[in-house]
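**Student:**
Residue numbers (the numbering used here): 16 to 269.
1. Closer than 7 Å by C-beta to residue 64: which residues in its own chain qualify, once you throw out the five before and the five after it? Chain order, please.
2. Less than 8 Å between C-beta atoms, sequence neighbours within five positions excluded: which residues of the same chain meet that for residue 248?
3. Residue 37: buried (16+ other C-beta within 10 angstroms of its C-beta) or exposed?
4. For residue 212, collect the residues of the same chain with a Cβ closer than 6 Å to its Cβ; drop the 5 residues on either side in sequence, then sort them by chain order.
5. Can you give the Cα-Cα distance for residue 66 and residue 239, rounded to whole angstroms?
6. Taking only the alpha-carbon atoms, compute the straight-line gap between residue 252 and residue 204 and give it to the nearest angstrom.
7. Compare the C-alpha of residue 234 against each of 42, 266, 112 and 55 and name the closest.
8. Classify residue 262: buried if its beta carbon has 16 or more other beta carbons within 10 angstroms, exposed otherwise.
9. How far does the alpha helix (DSSP H) with residue 252 in it extend, from its first residue to its last?
10. Out of 115, 143, 149 and 147, state which residue places its alpha-carbon closest to the alpha-carbon of residue 133.
11. Mind checking which residues open and close the alpha helix (DSSP H) that includes residue 151?
12. My guess is that residue 54 and residue 179 are in contact by the Cβ rule of under 8 Å, so how many angstroms apart are they, rounded?
13. Do the CB positions of residue 108 and residue 131 come within less than 9 Å of each other?
14. Applying the criterion that 16 or more other CB atoms from any shown protein chain within 10 Å of the CB defines a buried residue, is residue 188 buried or exposed?
15. Per DSSP, what kind of secondary structure is residue 31 in: helix, strand or coil?
16. From 61, 34, 219 and 60, pick the residue whose C-alpha is nearest to that of residue 48; which is it?
17. So that I know if they touch, is there some Cβ in chain B lying closer than 9 Å to that of residue 195?
18. Which same chain residues end up closer than 8 Å to residue 98 when comparing Cβ atoms and leaving out the 5 residues on each side of it in sequence?
19. So residue 166 and residue 269 are in contact, right, with Cβ under 8 Å, and what is the actual spacing, rounded?
20. Using the Cβ count rule (16 or more neighbours within 10 Å means buried), how would you classify residue 147?
See the structure below:
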């Protein structure tokens, strides 16, 4: 019975983790596939984690409820910290698209069912490719295994709620900082373009510069995306490495 309860604990933590973690939480993945994936991974990890697991007193229903809540909350919090990284990239794409003149040219994202800038799906898929090509999904699974070393004996009553709330607020604030850093080169490019157009409109008032500013801004923005793509991908990788460190920091804060 104890082994089944331990597998249940791993499964619940994985399920909470997969609800929000990038790649695995994609809405195009059917819920049944996520459930089966969490179950298969839990069964595969159990021999590795069996020696690290501690049993809860399950003489009563409250012990089982504590197990369910504890593992689900831990997995959900880990996934949420990783989720913030991709939200920063999506927010940066919104900034860039707005500055390039795509503010009024939104589209409905079929994955998230929301209206977004035309650049958000592109940057989202690029970030997802970087996520898998750099083996970040493997690193997150390693961090998941390490989570049982750090938090295997924690009780639900001993959750550092205030410390966790402060950490999540801090990481949510850093989301905007990361988004601004990603969008900064394009902001400078658009400002320089607008300044140049303003100077030309003063020098040549007979020219209708407003007719040229929008296509020029879009063209230069696309050129900037192309030229800065390698640096942007490197920065994505650095942000994702920081994502793993943030997950460890969360586990040590709990």
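Think of the CB as a built atom: it goes at the ideal place given N, C-alpha and C, for glycine as much as any other residue.
Here the structure is a predicted model, which means the values were calculated and not measured.
**Tutor:** Here's the rundown:
1. 25, 160 and 163
2. 141 and 145
3. buried
4. 224 and 228
5. 52 Å
6. 23 Å
7. 112
8. buried
9. 225-268
10. 115
11. 151-166
12. Contact doesn't hold; Cβ gap of about 27 Å is too wide.
13. yes
14. exposed
15. helix
16. 34
17. The structure shown contains no chain B; it holds only a single protein chain.
18. 35, 36, 37 and 40
19. 6 Å
20. exposed
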